[in-house]
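Peer 1: Note that the sequence shown ends on residue 357 in my numbering; no numbers are left out. By construction, the Cβ of each residue, glycine as well, lies at the ideal position given by its N, Cα and C atoms. The structure displayed is predicted, hence computed values, not measured ones.
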Amino acid sequence: MHLWTHDRWRFPLPETNRFPIDKYSLLRERMQADGHELHEAEAVPWPWLEAVHDPQLVARIRTGTLTVREQRGLGLPWSPALVERSRRSVAGTIAAARFALGVGLCMNLGGGTHHAGRAFARGYCVFNDVAVALSRIRPDGRATRALVVDCDVHQGDGTADLLGPDPDCFTLSLHGARNYPFQRVPSDLDVDIAAGTGDERYLLALDEALDYAIPRAEAEIAFYLAGADPWEGDRLGKLALTKAGLRARDELVLDRLREAGAAVCVVLAGGYAEDVRDTVDIHAATAAAVAERVEPGSVAAR
Ligand SMILES: [Zn+2]
């Protein structure tokens, strides 16, 4: 299948930083070995970002003039390379969403930067790829109504900030009750999952949440944030899903969304395993679940 990546645009990071920059390259290499076709999108134009985010925030990001407080909240050191990479990550989600509208499903090997809101960029998230992608695909006329299914272990505060007020977009976030962010912006539906919850109870809660969200969204396009951080071995996440449980999660979300008739754009979001290869395993399993479901006979089927 066709996949988008931006892993070649790396940025300087201190040893102690927990942002898993290597997962993107390792995942891309694994996808290439599996015979998938990789694409790199051009950096998203600045006006597209300014149409969604506060132009003054965009200007501070562009020029490296974030305040000390903003810099600390972002958790990544500013550099021109970080900005370039972030613009390419957004572009990958736009491209994957457009492709999904053609063939049913597609995936960006990046994105899911759900802590970026209209006027804030925090928690490793510079721009909100999903909100920007939605703003770009709507004028194409193929999709207006949208659903965001955010299964990263952290609540999708930035997405809720940007898309919560949007009457044609339903935002669902399923996350660890005791995980960051501690001051939240409410989604259309937030599901707090107790620390230590394993596969069975998580999947039940997810199924119920989808029962509620899908008929209300009546979505033509869905964005699925397939975070790897609800995994039991994650250093930041406080949930206890197994790799098999995460695979079952992916299959449940993909099947429910496809049954409902929505095109699905899958993005990575977080993953902070001690050994980055565990995070890559989880994301690769998500990609495999997507590949199995790409419509037979489409150009994306391989
Ligand atoms: Zn996360």
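1. Report all residues for which the CB-ligand distance to some heavy atom of ligand 1 is below 6 Å; order them along the chain.
2. Beta carbon of Thr341, beta carbon of Ala268: below 8 Å?
3. Confirm, please, whether the CB-CB distance from Val308 to Met162 is below 8 Å.
4. Would you call the region 229-238 and the region 190-208 touching, i.e. three or more CB-CB distances under 8 Å?
5. How big is the Cα-Cα spacing for Gln126 and Gly119?
6. Which of the three DSSP states is assigned to Ser228 in this structure?
7. On a Cα-Cα basis, can you pick out the residue from Asp245, Ala328, Glu95, Arg63 that is closest to Leu261?
8. My assumption, with CB atoms under 8 Å, is that Ala150 sits in contact with Trp286. Please give the rounded CB distance.
9. In chain order, what residues of the same chain have a beta carbon less than 6 Å from the beta carbon of Arg403, not counting five sequence neighbours either side?
10. Tell me the rounded alpha-carbon separation between Glu84 and Glu329.
11. Could you tell me if Ser45 is buried or exposed, where buried requires 16 or more neighbouring beta carbons within 10 angstroms of its beta carbon?
12. Provide the residue span of the alpha helix (DSSP H) that contains Met86, from first to last.
13. Do you know offhand how far Arg271's Cα is from Phe225's?
14. Buried or exposed: which applies to Val138, given that a residue is buried once 16 or more other Cβ atoms fall within 10 Å of its Cβ?
15. Could you pull out every residue in the same chain whose Cβ sits closer than 8 Å to the Cβ of Asp310, ignoring the five residues on either side in sequence?
16. CA-CA distance, Arg197 and Glu306?
17. Between Leu104 and the rest of its own chain, which residues show a CB-CB distance below 8 Å, the 5 nearest in sequence each way excluded?
18. Cα separation between Gly288 and Gly253?
19. How close, in whole Å, do the beta carbons of Leu82 and Ala324 come, if the pair is a contact with beta carbons under 8 Å?
20. In chain order, what residues of the same chain lie with their CB nearer than 7 Å to the CB of Gln87, ignoring the 5 residues before and after it?
Peer 2: Looking at the coordinates:
1. Asp207, Val208, His209, Gly282, Asp284, Ala324, Gly325
2. Working through the sequence shown from its first residue, we reach residue 341 at position 286. Working through the sequence shown from its first residue, we reach residue 268 at position 213. No, the Cβ-Cβ distance between Thr341 and Ala268 is not below 8 Å.
3. Counting from one through the sequence shown, the residue named residue 162 turns up at place 107. Counting from one through the sequence shown, the residue named residue 308 turns up at place 253. It is not a contact, given that the beta carbons lie outside the stated cut-off.
4. yes
5. For the purposes of this step, residue 126 is identified with residue 71 of the sequence shown, where counting begins at 1. For the purposes of this step, residue 119 is identified with residue 64 of the sequence shown, where counting begins at 1. Each residue's alpha carbon lies about 10 Å from the other.
6. By one-based count along the sequence shown, residue 228 stands at place 173. Of the three classes helix, strand and coil, the one that applies to Ser228 here is strand, per DSSP.
7. Locating residue 261 in the sequence shown gives position 206, counting from the first residue. With distances taken between Cα atoms, Leu261 lies closest to Asp245.
8. Looking up residue 150 in the sequence shown gives position 95. Looking up residue 286 in the sequence shown gives position 231. About 28 Å; that fails the 8 Å criterion.
9. Outside the displayed span of the chain (56 to 357) sits residue 403, for which this structure offers no information.
10. As a first step, residue 84 is located in the sequence shown; it is residue number 29 there, counting from the start. As a first step, residue 329 is located in the sequence shown; it is residue number 274 there, counting from the start. When rounded, the distance between both Cα atoms is 20 Å.
11. With the chain covering 56 to 357 only, the question about residue 45 has no answer from this structure.
12. Start at 1 with the first residue of the sequence shown, and residue 86 comes out as number 31. Where Met86 is concerned, the enclosing alpha helix (DSSP H) starts and stops at 77-88.
13. Here residue 271 refers to the residue found at position 216 of the sequence shown. Here residue 225 refers to the residue found at position 170 of the sequence shown. Cα-Cα distance, rounded: 7 Å.
14. As a working note, residue 138 is residue 83 in the sequence shown. With 16 or more Cβ atoms within 10 Å of its Cβ, Val138 is classed as buried.
15. Counting from 1 along the sequence shown, the entry for residue 310 is found at position 255. Same-chain partners within the cutoff: Arg348.
16. Taking the sequence shown and counting its residues from 1, one reaches residue 197 at position 142. Taking the sequence shown and counting its residues from 1, one reaches residue 306 at position 251. Looking at the two C-alpha atoms, the distance is approximately 25 Å.
17. Counting from one through the sequence shown, the residue named residue 104 turns up at place 49. Excluding sequence neighbours, Leu104 sits near Val113, Arg142, Val145, Phe182, Val187.
18. Your numbering for residue 288 matches position 233 in the sequence shown. Your numbering for residue 253 matches position 198 in the sequence shown. Cα to Cα, Gly288 sits roughly 12 Å from Gly253.
19. Taking the first residue of the sequence shown as position 1, residue 82 is located at position 27. Taking the first residue of the sequence shown as position 1, residue 324 is located at position 269. The Cβ separation is near 13 Å, so there is no contact.
20. Against the sequence shown, residue 87 aligns to sequence position 32. Excluding residues within five positions, the ones whose Cβ falls inside 7 Å are Leu93.
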